[in-house]
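I have placed the structure first, in the form of structure tokens, so that the comments after it can refer back to it.
2 protein chains.
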Amino acid sequence: MLNFDRDRFLAIQSGALALAGPIHAAIGAALAGGAKNIFFLGTGGAAILMQPAALMLQRRSGFPAFMEIAAELVASGHHALGRDSIVVIPSLSGTTKESVATLDYCRERGATVIALVGHSDTPLGLKADHAFVNFAEDDTSSESFYLQSLLVALSVMAHRSEFPGYDGTVAELATLPQHLLAAKRAFEPEAERLAEAFRTEPYHIITAAGGSWAEAWYYGMCILEEMQWIRTRPVHAADFFHGTLELVEKGVSVIVFKGEDAYRPLTDRVEKFVRDFTDKVTVLDTARFAMPGVSAETRALVSPVVLATILERLSAHLEVKRNHPLTTRRYYKKVSY
Amino acid sequence: MLNFDRDRFLAIQSGALALAGPIHAAIGAALAGGAKNIFFLGTGGAAILMQPAALMLQRRSGFPAFMEIAAELVASGHHALGRDSIVVIPSLSGTTKESVATLDYCRERGATVIALVGHSDTPLGLKADHAFVNFAEDDTSSESFYLQSLLVALSVMAHRSEFPGYDGTVAELATLPQHLLAAKRAFEPEAERLAEAFRTEPYHIITAAGGSWAEAWYYGMCILEEMQWIRTRPVHAADFFHGTLELVEKGVSVIVFKGEDAYRPLTDRVEKFVRDFTDKVTVLDTARFAMPGVSAETRALVSPVVLATILERLSAHLEVKRNHPLTTRRYYKKVSY
Chain A
1 MLNFDRDRFL
11 AIQSGALALA
21 GPIHAAIGAA
31 LAGGAKNIFF
41 LGTGGAAILM
51 QPAALMLQRR
61 SGFPAFMEIA
71 AELVASGHHA
81 LGRDSIVVIP
91 SLSGTTKESV
101 ATLDYCRERG
111 ATVIALVGHS
121 DTPLGLKADH
131 AFVNFAEDDT
141 SSESFYLQSL
151 LVALSVMAHR
161 SEFPGYDGTV
171 AELATLPQHL
181 LAAKRAFEPE
191 AERLAEAFRT
201 EPYHIITAAG
211 GSWAEAWYYG
221 MCILEEMQWI
231 RTRPVHAADF
241 FHGTLELVEK
251 GVSVIVFKGE
261 DAYRPLTDRV
271 EKFVRDFTDK
281 VTVLDTARFA
291 MPGVSAETRA
301 LVSPVVLATI
311 LERLSAHLEV
321 KRNHPLTTRR
331 YYKKVSY
Chain B
1001 MLNFDRDRFL
1011 AIQSGALALA
1021 GPIHAAIGAA
1031 LAGGAKNIFF
1041 LGTGGAAILM
1051 QPAALMLQRR
1061 SGFPAFMEIA
1071 AELVASGHHA
1081 LGRDSIVVIP
1091 SLSGTTKESV
1101 ATLDYCRERG
1111 ATVIALVGHS
1121 DTPLGLKADH
1131 AFVNFAEDDT
1141 SSESFYLQSL
1151 LVALSVMAHR
1161 SEFPGYDGTV
1171 AELATLPQHL
1181 LAAKRAFEPE
1191 AERLAEAFRT
1201 EPYHIITAAG
1211 GSWAEAWYYG
1221 MCILEEMQWI
1231 RTRPVHAADF
1241 FHGTLELVEK
1251 GVSVIVFKGE
1261 DAYRPLTDRV
1271 EKFVRDFTDK
1281 VTVLDTARFA
1291 MPGVSAETRA
1301 LVSPVVLATI
1311 LERLSAHLEV
1321 KRNHPLTTRR
1331 YYKKVSY
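These protein sequence lines map, in sequence, to chains A and B. Mapping to this note's numbering: the first sequence position 267 is 267, numbers consecutive. Mapping to this note's numbering: the second sequence position 52 is 1052, numbers consecutive.
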């Protein structure tokens, strides 16, 4: 595979999953200590990557879960945030300005802060009550944060007897790095072909639903916009028919991400529509990738992870075909703002 | 003012605010009947317009408030939805397919459904437990839905003694239609100038924060995309610096909506940045509009309403300058999907 380090990839994703035990212990301690709710408070892409886990908790668990825009929470406060709150803050660098401000704000209010970081010797790593460290870089952090936040959500539900299959699910997840690697390999030729097709494409509508919506939002904003300077319109499949559809005509690129959770029919509907009205439809469907031994329920949970891992292959080819390194920025870390 | 019916506008917004009493009574009855949570379940634009009210409840009230994508909730269920739930469903037509499915789903589970509709003799109007009817059309529905959902949220908090100034706020809101009319008048020349500047502009990044974020999302998707077929990138001011900023360069249009709530500093930061890197910056700031007798707290609550009302003027000029009627669609009500 192009510009890919197999061992590094496996180590990073296995590293994320090896946190299952420590995360389960930390959540258990917080719940035993009287925690009454949980906040997922990320910034930018890291926030988006926790969305599937937060959504699952909100919809399936009786434990109040809040997913807030961290900078807004710090600006206005939140009635439920306090001594009985668990706060999860992810930041690969461990230094993201807004995330450090969020940590300080939550600690002052007595919350138990769990930081998910790439380096321990950072403001977030040092000041959190529990810092879970898994080194990753831009090309491997999506899967890692999806998995770590999923482990947090599953642990909350398991401790509350809301997810009886916890042990089995964690065991299945432990096999995921190899399945992700196989998915990358299977997708590699298509990644190159797509990168060629997208080489001069100036604009993409990207849509998805359920857990996979996070990946549409993330890939549009944090990869295509930030790292390739390509215009995107991430739009939820449920919103698509209430405005954005009118932009679709011959020549307009629409990318549909399809996962395997209960929300898949929402993306079927978009796919059916756009195939009639534009010649540039790209469907990325996690169902194509065999993952022997992984149950349908777990496949649904990890659909955004599978999408992230195959899309990393697309990015790897895009930067070469477009002669635009993924690390090139106009502004980030170049000007202050 | 261009293509504007003053009396019709005032009647529609006053009609929304005249629902304060009936809404307060219905919420009071539901709470007295043991309601334990509230769901805001809209579809497309109508969902977005309830977001400021839902966010306020989530952050300021101890009453659990959920804002869910209706089509997803129907697909997967939600642990908290049941006999003790109040469900608010807005639909101007009263016939939106997904909204009718949502109503049926929630009624089957025993929830108390409040429908906000433009016509009583519609599926939503007829099947809801409480149907609040206020006729409006596309050019007047934004303010109307913002206000009705705000009245719902304020009522919940008032009944729970979480908003002691309820009566005063409702009295201030009753004066709002005249203030909105004055804001439209004051903005009219700028609306024409902006429409001329935007006439051939193919793409806008639109950003905002707090309650006003809803209007950035709504105006991009439901007006510029749906009614003018102009590409937009609605992006929250907090997300802006985590990807989308890299698209900004000379010639790229960035529109910043500034409201008066606690989240205004997030948009100050974007404004400061973009002024350095593109020559096409449009700032629409609600603080410019005098509203004598309206307190700072109420001004913060109605900032998205003020934005919606001045933006309607922009739309009125855009359709003329661009020779593209706001009612023209490629697909909506023309093909089935």
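Even for Gly, the Cβ is constructed at its ideal location relative to N, Cα and C.
- Neighbourhood of methionine 50(A) in chain B, by CB distance below 9 Å: empty, with the nearest CB roughly 14 Å away.
- Here methionine 1056(B) carries a helix assignment [DSSP, helix/strand/coil].
- In the three-state DSSP reduction, aspartate 1279(B) falls in the coil class, being neither helix nor strand.
- Of all alpha-carbon atoms in His204(A), Gln13(A), Asn3(A), Asp139(A), the one lying nearest the alpha-carbon of threonine 278(A) is that of His204(A).
- Taken in chain order, the unbroken stretches of beta strand (DSSP E) that lie wholly in the stretch 1040-1093 of chain B and span 3 residues or more are 1065-1067, 1085-1091.
- In the displayed model, threonine 112(A) falls within a strand according to three-state DSSP.
- At least one CB of chain A lies nearer than 8 Å to the CB of leucine 1266(B).
- For lysine 1127(B), the uninterrupted alpha helix (DSSP H) segment begins and ends at 1123-1127.
- Interface criterion not met: the Cβ of glycine 1015(B) is under 8 Å from no Cβ in chain A.
- The three-state reading of DSSP puts valine 302(A) in helix, counting H, G and I together.
- Beyond the five residues adjoining it in sequence on each side, serine 155(A) comes within less than 6 Å, by CB distance, of Ile23, His24, Ile27 in the same chain, given in chain order.
- Here DSSP, grouped into helix, strand and coil, assigns histidine 1242(B) to coil.
- Using a CB distance below 7 Å, the part of the stretch 204-222 of chain A facing chain B consists of Ala209, Gly210, Met221, Cys222, ordered along the chain.
- Taking the C-beta atoms as reference points, isoleucine 255(A) is found no nearer than 8 Å to threonine 286(A).
- Interface annotation for the stretch 1283-1309 of chain B against chain A: empty, criterion Cβ-Cβ distance under 8 Å.
- Close CB contacts of proline 1177(B) within its chain, under the 8 Å cut and outside five residues either way in sequence, are with Phe1009, Leu1010, Gln1013, Ser1014, Leu1017 (chain order).
- For the stretch 242-257 of chain A, the residues whose beta carbon sits under 8 Å from a beta carbon of chain B are, in order, His242, Gly243, Thr244, Leu245, Glu246, Leu247, Val248, Glu249.
- Excluding its 5 nearest sequence neighbours in each direction, tryptophan 1213(B) has C-beta neighbours in its own chain below 6 Å: His1236, listed in chain order.
- Contact of serine 161(A) with chain B is not assigned, every C-beta pair being separated by 8 Å or more.
- In terms of CA proximity to phenylalanine 132(A), Leu124(A) leads the group Val100(A), Leu124(A), Tyr219(A).
- In this structure, DSSP gives histidine 1204(B) an extended state, which the three-state scheme calls strand.
- Note: lysine 1250(B) is not bridge-paired with any residue in the DSSP secondary-structure output.
- The contact set of serine 1149(B) on chain A, defined by CB atoms closer than 7 Å, is empty, because the minimum CB distance reaches about 17 Å.
- Under the three-pair Cβ rule at 8 Å, the stretch 1025-1045 of chain B counts as touching the stretch 1083-1102 of chain B.
- For a Cβ distance threshold of 7 Å, residue set Tyr1337 of chain B lies close to phenylalanine 273(A), ordered along the chain.
- By the criterion of a C-beta distance shorter than 7 Å, glutamate 68(A) is surrounded in its chain by Phe39, Leu41, His78, once the five residues flanking it on both sides are discounted.
- Chain B has no Cβ within less than 8 Å of the Cβ of glycine 165(A).
- When Cβ-Cβ separations below 8 Å define contact, glutamate 312(A) makes no contact with chain B.
- Bounds of any alpha helix (DSSP H) do not take in histidine 130(A); it lies within the beta strand (DSSP E) bounded by 130-133.
- The alpha-carbon separation between arginine 1185(B) and alanine 1296(B) amounts to approximately 22 Å.
- For the stretch 1062-1087 of chain B, residues whose beta-carbon sits nearer than 9 Å to a beta-carbon of chain A comprise Gly1062, Pro1064, Phe1066, Glu1068, Ile1069, Ala1070, Ala1071, Glu1072, Leu1073, Ala1075, Ser1076, Gly1077, His1078, His1079, Ala1080.
- The CB of arginine 1322(B) never comes closer than 8 Å to any CB in chain A; the least such distance is about 14 Å.
- The C-alpha of aspartate 1239(B) is placed about 11 Å away from the C-alpha of threonine 1267(B).
- Neighbours of histidine 1236(B) across chain A, judged by C-beta separation under 8 Å: Ile69.
- Cβ neighbours of methionine 157(A) within its own chain (closer than 6 Å, five residues either side excluded): Ser61, Phe163.
- Taking the Cα positions, threonine 1112(B) is about 29 Å away from glutamate 1172(B).
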